[in-house]
Amino acid sequence: MKVPVWNPAVEFIEREALEALQLANLRKTVAWALKAPFYQRKLAEVGLTHPGDLTSLRDLRDLPYTTKDDLRAAYPDGLLAVTLEQALRLHTSSGTTGMPTVVYHSRQDLDCWTELVARCIIAAGATASDVFQNMTGYGMFTGGLGLHYGAERVGMLVIPASCGNTSRQLQLMRSFQTTVVHATPSYLLHLHAALASEGITRDQLALRKAFIGAEPHSEQTRRKIEDLFGIDAYNSYGLSEMNGPGVAFECVHKTGLHLWEDAYILEIIDPDTLRPLPEGQTGEMVMTTLQRRATPLLRYRTRDLSHWVSGNCPCGRTHRRLARIKGRSDDMLIIGGVNVFPSQIEDVLMKIPEVGTNYLIQLEKRGSLDRLIVKTEIYAKLVAGDLHALDDLRERIAESLRAAILIKPAVELHEPGSLPVSDGKAKRVVDLRPAF
Ligand code: DLL
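Here the sequence shown is numbered in numbering that gives the first Met the number 0, starting from 0 and rising by one per residue.
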């Protein structure tokens, strides 16, 4: 198979040359960072005043971490490292859980981000001949504009549909014979569920690929999306602090997400001891930007959990691969003392054929005990209409979950389309336990 590639010189670069490039870019990044008030203070604390003091990539470990709280405290411009004239755009996080975080971009930064997204699109086998419908929010959310400019650079026909309005999405897909979509996995499942009510069959669509990301999802969910639409779906990872989408993406081999190491250095650490973990162990991803002038970030603690995938990818890219994101260290639920990631529950649910496309995890307190309730939509046509069959299914789901997470939940079965959906990132967990 011929490997589709956007920028062969960088994507197939020898490891030694890549590491030399990383060191050179790290020094530039420290020089840029020293222009921002926040880093002037922070780096002075560890005695770093000159980028030339960094003699190897290992020296990065002597630099302080940057946290989301640091970014919030620096709001609105404590991390700005260029003049306002040089800044071209800013994105803020939604700020639903406190002060928003801000990332400014210079012209070069936007150009670099666009280049990274173009590499991802081509690596996943899309081409300039594709019709691309971007179903993620345009605006402060980085999924919209990020993918938009990358897709235009590749030369695709771009439909900037933004998120929501499912019947219009389907109408656009039919009218323009969309071949590639970008959406959250939960929204694509919802979109599929809406096909029937809109009287559309998948054969009336020309879809062949989906880029899915912005929220944790399991391998089973990917397969479900692939099977339901008869397409290939590729995992896309990013976060607004590191531009947005375009940080790591699957190539056509789907063997993990290639992280663009000329633009980012990733360290994986134990979130408790803050020590680096050996390759293959799951830990918190800590990221450093290597090409961003307007808001350089050093050792940013993402809270996302993953591990490096060992070995080489058949595509030949030298940029290492990350395993599917397991969740966030702050997503972890502690239920009756047992640690559970929502992705573990999703994994079990999506393996059960009768389970539909939407589910909700609810936590309550009964006296002093935690109670886990898993609400899931089911495909009614796959369940023989009597109550026994429903009871059997409920028990089968509860038992499968117990085997995986060691807690037997109460399971509620719901009609398709009855659980709440979101246009963007799905909200899967409702924790009704009183806070201490
Ligand atoms: O979600 C950027 C993005 C847009 C990525 C479109 C992919 C596609 P934020 O809103 O800042 O940025 O949220 C970032 O979402 O730290 C992860 O916790 C989670 N996340 C993003 N992609 C994935 C993924 C965008 N593929 C936060 N798998 C990150 C699991 C993901 N979690």
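From the three backbone atoms N, C-alpha and C, an ideal C-beta is built for every residue, glycine too.
Here the structure is a predicted model, which means the values were calculated and not measured.
Among residues of its own chain, excluding the 5 on either side of residue i, which ones have a beta-carbon nearer than 7 Å to its beta-carbon?
{"i": "residue 431", "result": "361, 362 and 363"}
{"i": "residue 235", "result": "119, 210, 211, 212, 244 and 248"}
{"i": "residue 107", "result": "292"}
{"i": "residue 191", "result": "227, 228 and 356"}
{"i": "residue 11", "result": "315, 316 and 317"}
{"i": "residue 276", "result": "267, 268, 269 and 282"}
{"i": "residue 263", "result": "241, 246, 286, 287, 288 and 289"}
{"i": "residue 256", "result": "234, 236, 247, 248, 249, 320 and 321"}
Which residues does DSSP list as the beta-bridge partners of residue i?
{"i": "residue 265", "result": "286"}
{"i": "residue 275", "result": "268"}
{"i": "residue 360", "result": "373 and 428"}
{"i": "residue 210", "result": "181 and 233"}
{"i": "residue 339", "result": "332"}
{"i": "residue 445", "result": "Since the first residue of the chain shown is 0 and the last is 435, residue 445 is not available in this structure."}
{"i": "residue 248", "result": "235 and 257"}
Assuming the contact rule is C-beta atoms closer than 8 Å, residue i and residue j should be a hit. Round their C-beta distance to whole Å, please.
{"i": "residue 309", "j": "residue 278", "result": "6 Å"}
{"i": "residue 218", "j": "residue 323", "result": "7 Å"}
{"i": "residue 123", "j": "residue 208", "result": "7 Å"}
{"i": "residue 331", "j": "residue 340", "result": "6 Å"}
{"i": "residue 214", "j": "residue 174", "result": "Actually they do not touch by this definition, with Cβ atoms about 28 Å apart."}
{"i": "residue 371", "j": "residue 406", "result": "6 Å"}
{"i": "residue 285", "j": "residue 64", "result": "7 Å"}
{"i": "residue 205", "j": "residue 177", "result": "6 Å"}
{"i": "residue 352", "j": "residue 381", "result": "6 Å"}
{"i": "residue 36", "j": "residue 74", "result": "Actually they are not in contact, since the Cβ atoms of residue 36 and residue 74 sit about 12 Å apart, beyond 8 Å."}
{"i": "residue 109", "j": "residue 87", "result": "6 Å"}
Output yes if chain C places a C-beta closer than 8 Å to the C-beta of residue i; else output no.
{"i": "residue 333", "result": "Reference to chain C is not applicable here, since this structure consists of a single protein chain."}
Under 6 Å Cβ to Cβ from residue i, same chain only, skipping five residues before and after it: list those, please.
{"i": "residue 420", "result": "189"}
{"i": "residue 422", "result": "162 and 163"}
{"i": "residue 139", "result": "90 and 91"}
Just checking residue i against the ligand DLL - is the residue's beta carbon closer than 7 Å to any of the ligand's heavy atoms?
{"i": "residue 231", "result": "no"}
{"i": "residue 324", "result": "yes"}
{"i": "residue 133", "result": "no"}
{"i": "residue 375", "result": "no"}
{"i": "residue 340", "result": "no"}
{"i": "residue 214", "result": "yes"}
{"i": "residue 65", "result": "no"}
{"i": "residue 185", "result": "no"}
{"i": "residue 148", "result": "no"}
{"i": "residue 346", "result": "no"}
{"i": "residue 437", "result": "Residue 437 cannot be examined here, being either before or after the span of the chain that is shown, 0 to 435."}
{"i": "residue 190", "result": "no"}
{"i": "residue 141", "result": "yes"}
{"i": "residue 52", "result": "no"}
{"i": "residue 294", "result": "no"}
{"i": "residue 282", "result": "no"}
{"i": "residue 238", "result": "yes"}
{"i": "residue 92", "result": "yes"}
{"i": "residue 288", "result": "no"}
{"i": "residue 327", "result": "yes"}
{"i": "residue 301", "result": "yes"}
{"i": "residue 244", "result": "yes"}
Can you name, in chain order, every residue of its own chain whose Cβ lies under 8 Å from the Cβ of residue i, other than the five neighbours on each side?
{"i": "residue 274", "result": "268"}
{"i": "residue 16", "result": "none"}
{"i": "residue 230", "result": "206, 207, 208, 209 and 224"}
key: Cβ contact (3+ pairs, closer than 8 Å) linking the region 143-154 and the region 114-123   = Between the region 143-154 and the region 114-123, the count of C-beta pairs closer than 8 Å reaches three or more; the two stretches touch.
request  = Pair every Cβ in the region 384-404 with every Cβ in the region 157-169, then say whether three or more of these pairs are closer than 8 Å.
outcome  = Output reads no: the region 157-169 does not touch the region 384-404.
inquiry  = Under 8 Å: do the region 69-86 and the region 36-49 share three or more Cβ pairs, one atom per stretch?
reply    = In short, these stretches touch, since the Cβ pair count reaches three.
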